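For what it's worth, our numbering labels the leading residue of the sequence shown as 0, then goes sequentially.
The structure appears below as structure tokens.
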Amino acid sequence: MNLCTNAYYAMRESGGVLDVSLTQVELRPDNLLRKVNLPSGSYVKLRISDTGSGIDNLTMDRIFDPYFTTKPKGEGTGMGLAVVHGIIKSYFGDIIVHSEIGKGTSFQIYLPVVDDDTTSSRIELNEPLPGGHEKIMIVDDEALIVQINRKTLENLGYRISTYTCSEEALDAFRAHPEKFDMVITDMSMPKINGIQLAKEIFSVRPDLPIIICTGFSDLINEETVESFGIRKLVMKPILRKTLALTVREVLDNNRK
């Protein structure tokens, strides 16, 4: 969805063609693409291409960096492609990009084919993860991240409320502070950042466990978040397993 949204953005002014295809391919030593860092085997290839403005070489070198964006301020945080890259890597896949200025861009995603009865310990897509029934607020101005984390936690049984505006999230919390068992918030957000949001929440409920997420280790660290009473710092992009284990650990420790 994020790649298609980016393709639309690249063609929004002059129009163009968005092409999405899905094929199964065999990667062997004699036909492995130089840019694909994968072992031989069967893969599903998802190709998303557009006839938009294209991407220059300087931008291409940073395209998967957290918080790097070419969009105007307020139109994107730059976490979308970083999250896409992290998800694909977590499923033992890879993504490559080809682009020409004035001609368009093509993303090719390779994911390993997994048989229904696979017992491979290397690919544990159905690994059981701890869940619960607590009520959790998720705050992040990147809609894609909110959707992914919401789906992950709802599938584990949690009841989720999501907000892409930190001011709206704070208003909702103040209206019903007893309603929430945890808050998961991004660090870098317009108007109210993660630390500021945590301070406001603690002024109402100092006991509430808060997890803060960031894509930059030099922006904040474990020592900093602990000094504010925040329970955990998680680096983006967040893998499904990391999110599940961290949430359960923090909630359980809060009861001790």
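Each residue gets a CB set at the ideal place from its N, CA and C atoms; glycine is no exception.
On a predicted model such as this, the values are computed, not experimentally measured, just so you know.
Item to complete: Give the single residue among G131, E141 and P176 whose Cα lies nearest to the Cα of L155.
Response: Position 156 of the sequence shown holds residue 155. Among G131, E141 and P176, the Cα nearest to that of L155 is on G131.
Practice prompt. State buried or exposed for G85, treating a residue as buried only when at least 16 other CB atoms are found within 10 Å of its CB.
Written response: As a position in the sequence shown, residue 85 is number 86, starting the count at 1. Its Cβ being crowded by 16 or more others within 10 Å, G85 is buried.
Item to complete: Tell me whether the beta-carbon of V276 lies closer than 8 Å to the beta-carbon of T241.
Response: Because residue 276 is not part of the residues shown, which for the chain are 0 to 255, the question remains open.
Worksheet item: Buried or exposed: C3, going by 16 or more other Cβ atoms within 10 Å of its Cβ?
Response: Residue mapping note: residue 3 aligns to position 4 of the sequence shown, counting from 1. Exposed: under 16 other Cβ atoms inside 10 Å.
Discussion item. I'd like to check one pair, T245 with I211: are the Cβ atoms closer than 8 Å?
Written reply: Counting from 1 along the sequence shown, the entry for residue 211 is found at position 212. Counting from 1 along the sequence shown, the entry for residue 245 is found at position 246. In this structure, T245 does not lie closer than 8 Å to I211 by Cβ.
Practice prompt. Can you grab the Cα-Cα spacing for the pair L26 / E177, in whole Å?
Written response: Numbered from its first residue, the sequence shown carries residue 26 at position 27. Numbered from its first residue, the sequence shown carries residue 177 at position 178. Distance between the alpha carbons of L26 and E177: 54 Å.
Fill in: First and last residue of the uninterrupted alpha helix (DSSP H) at T163
Stepping through the sequence shown from its first residue, residue 163 is reached at position 164. First-last for T163: undefined, no H or E at that position.
Item to complete: May I have the straight-line CA-CA distance separating T76 from M0, to the nearest angstrom?
Response: The residue you call residue 76 lines up with position 77 of the sequence shown. The residue you call residue 0 lines up with position 1 of the sequence shown. With a pLDDT of only 46 at T76, under the threshold of 50, the placement of this residue in the model should not be trusted, and no figure is reported.
Worksheet item: Which of the three DSSP states, helix, strand or coil, is assigned to I237?
Response: Position 238 of the sequence shown, counted from the start, is the residue given in the question as residue 237. Secondary structure at I237: coil, using DSSP grouped into helix, strand and coil.
Worksheet entry | Limits of the unbroken beta strand (DSSP E) element including V145 | Walking along the sequence shown from the start, residue 145 turns up at place 146. Element bounds for V145: not the beta strand (DSSP E) but the alpha helix (DSSP H), A142 to N154.
Worksheet item: From which residue to which residue does the beta strand (DSSP E) around M181 run?
Response: Along the sequence shown, read from residue 1 onward, the residue named residue 181 stands at position 182. Boundaries of the beta strand (DSSP E) harbouring M181: M181 to D185, taken from the DSSP string.
Worksheet item: Where does R254 sit, in a helix, a strand or coil, going by DSSP?
Response: Residue 254 sits at position 255 when you count from the first residue of the sequence shown. Assignment of R254 by DSSP, reduced to helix, strand and coil, places it in the helix class.
Fill in: Beta-carbon separation (whole angstroms), R173 vs V138, contact threshold 8 Å
In the sequence shown, residue 173 corresponds to position 174, counting from 1. In the sequence shown, residue 138 corresponds to position 139, counting from 1. Contact doesn't hold; Cβ gap of about 13 Å is too wide.
Discussion item. Just to confirm my understanding: we take V266, look at its own chain, exclude 5 residues before and 5 after, and list those with CB closer than 7 Å. What are they?
Written reply: For residue 266 there is no data in the structure shown, the boundaries of the chain being 0 and 255.
Worksheet item: How big is the Cα-Cα spacing for I229 and N192?
Response: Walking along the sequence shown from the start, residue 229 turns up at place 230. Walking along the sequence shown from the start, residue 192 turns up at place 193. I229 and N192 have their C-alpha atoms spaced approximately 14 Å apart.
Discussion item. For a test of the three-state rule: what should DSSP assign to T213, helix, strand or coil?
Written reply: For the purposes of this step, residue 213 is taken as residue 214 along the sequence shown, with counting starting at 1. Note: T213 maps to strand in three-state DSSP.
Worksheet item: In chain order, what residues of the same chain have a beta carbon less than 6 Å from the beta carbon of V19, not counting five sequence neighbours either side?
Response: On the sequence shown, residue 19 is found 20 positions in, with the first residue counted as 1. Only I47 meet the Cβ criterion.
Worksheet item: Counting along the chain, where does the beta strand (DSSP E) carrying T22 start and finish?
Response: Numbered from 1 along the sequence shown, position 23 holds the residue referred to as residue 22. Per DSSP, T22 belongs to the beta strand (DSSP E) from L17 to L26.
Discussion item. At the level of alpha carbons, what is the spacing between Y8 and F91?
Written reply: Taking the first residue of the sequence shown as position 1, residue 8 is located at position 9. Taking the first residue of the sequence shown as position 1, residue 91 is located at position 92. Y8 and F91: Cα-Cα distance of roughly 28 Å.
Discussion item. Quick check on H175: does DSSP put it in helix, strand or coil?
Written reply: Locating residue 175 in the sequence shown gives position 176, where the first residue counts as 1. H175 sits in coil when the DSSP states are folded into three classes, being neither helix nor strand.
Practice prompt. Determine the closest residue to A6 out of S105, E199 and A243, with distance taken between C-alpha atoms.
Written response: Mapped onto the sequence shown, residue 6 falls at position 7. The residue with the shortest Cα to Cα distance from A6 is S105.
Item to complete: Measure the C-alpha to C-alpha separation of K235 and K102 and round it to an integer number of angstroms.
Response: Residue numbering aside, residue 235 sits at position 236 when the sequence shown is read from its first letter. Residue numbering aside, residue 102 sits at position 103 when the sequence shown is read from its first letter. Whole-angstrom Cα-Cα distance: 32 Å.
Worksheet entry | Top-ranked residue by Cα proximity to M188, from N148, P205 and E166 | By one-based count along the sequence shown, residue 188 stands at place 189. Residue E166 is the option with its Cα nearest to M188.
Practice prompt. Report the residue from T213, F227, E221 and G214 whose alpha carbon sits nearest the alpha carbon of L207.
Written response: In the sequence shown, residue 207 corresponds to position 208, counting from 1. The candidate whose alpha carbon is nearest that of L207 is F227.
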